[in-house]
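S.K.: Here you go, one structure.
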Amino acid sequence: MKNIAIFASGAGSNAQKIIDHFKQSDKARVTVIVCNKPGAGVLQIAEREGITSILIEKEAFLHSDKYIQLLKEQKIDLVVLAGFLWKIPANLVQAFPNRIINIHPALLPKFGGKGMYGHFVHEAVIAAGEKESGITIHFVNEKYDDGETILQERIIITPEDTPESVARKVQALEHQWFPVIVERLLTSSES
Ligand code: GRF
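Read in order, the letters of the sequence shown are residues 1 to 191 in the UniProt record's numbering.
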């Protein structure tokens with residue numbers, strides 16, 4: 001049984017999809033939810049699902065090995081960033097080489113980087129007159145939205161689309177693909 005840690009700061013709809021995907025699985029399970037925001041929706045999901053949640057402190061996260069030790073103790077195989085807004089410090093990246101992935105709600109390298117999250121992404125996509133957008137699932141390195149791409153999936157943008165409608169279409173792709181890719185990564189590392 002592989003262990004997944006989900007890092008999330010927001011509502012947690014992607015976290016919920018991943019939890020649901022592995023509920024009946026004998027391959028993997030969501031072992032811990034790591035959050036930096038008191039009151040975030042994802043914490044209620046953790047509670048309802050009976051999954052341990054950890055509220056992290058910025059100082060210790062950025063300047064110590066506290067959370068690395070904790071993830072190692074929990075025997076975490078894959079760290080999944082699902083709407084986690086802090087940059088991952090180098091020591092954590094190095095402790096889990098190619099074992100931290102992120103989902104971004106646009107086609108990187110476009111519309112990525114610091115400050116590009118949530119509705120800011122979709123507003124920028126519409127303002128730029130893009131004809132398509134989508135999702136990028138990628139490995140995490142020391143820079144924002146920069147690691148090697150694992151998967152991109154696209155949606156078409158029509159003249160009627162708004163940032164809100166693009167957000168809905170992109171979220172549907174996230175929910176469809178993120179659990180599948182998590183499973184693929186975990187099972188392909190079995191050999
Ligand atoms: C998603 O759009 C994801 O791409 C992003 O943050 C959002 C998280 O949404 N990086 P939710 O909390 O999973 O609903």
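Just so it is clear, CB atoms sit at the ideal spot from N, CA and C, and this is done for glycine as well.
Below 7 Å, is the gap between the Cβ of Asn14 and the nearest heavy atom of the ligand GRF?
M.R.: It does: the Cβ of Asn14 is within 7 Å (strictly closer) of some heavy atom of the ligand GRF.
S.K.: Is any non-hydrogen atom of the ligand GRF found closer than 7 Å to the C-beta of Ala109, if you look at the structure I gave you?
M.R.: The question names Ala, but residue 109 in the sequence shown is Pro. No, the beta carbon of Pro109 sits no closer than 7 Å to any heavy atom of the ligand GRF.
S.K.: Determine the direct distance from the alpha carbon of Ala127 to that of Pro105, and round the result to whole angstroms.
M.R.: Distance between the alpha carbons of Pro105 and Ala127 is about 16 Å.
S.K.: Assign Ser191 to one of three DSSP states: helix, strand, or coil.
M.R.: Here the model assigns Ser191 a pLDDT of 39, short of 50, so the residue's position is not dependable, and the following value carries that caveat. Residue state, collapsed to three classes: coil.
S.K.: Note down the Cα distance separating Leu81 from Ile101, rounded to an integer number of angstroms.
M.R.: Near 6 Å, if we compare the C-alpha coordinates of Ile101 and Leu81.
S.K.: Among the residues of its own chain, which have a CB less than 6 Å from the CB of Ala60, if the five just before and after it don't count?
M.R.: Excluding positions up to five away in sequence, the list reads Lys66.
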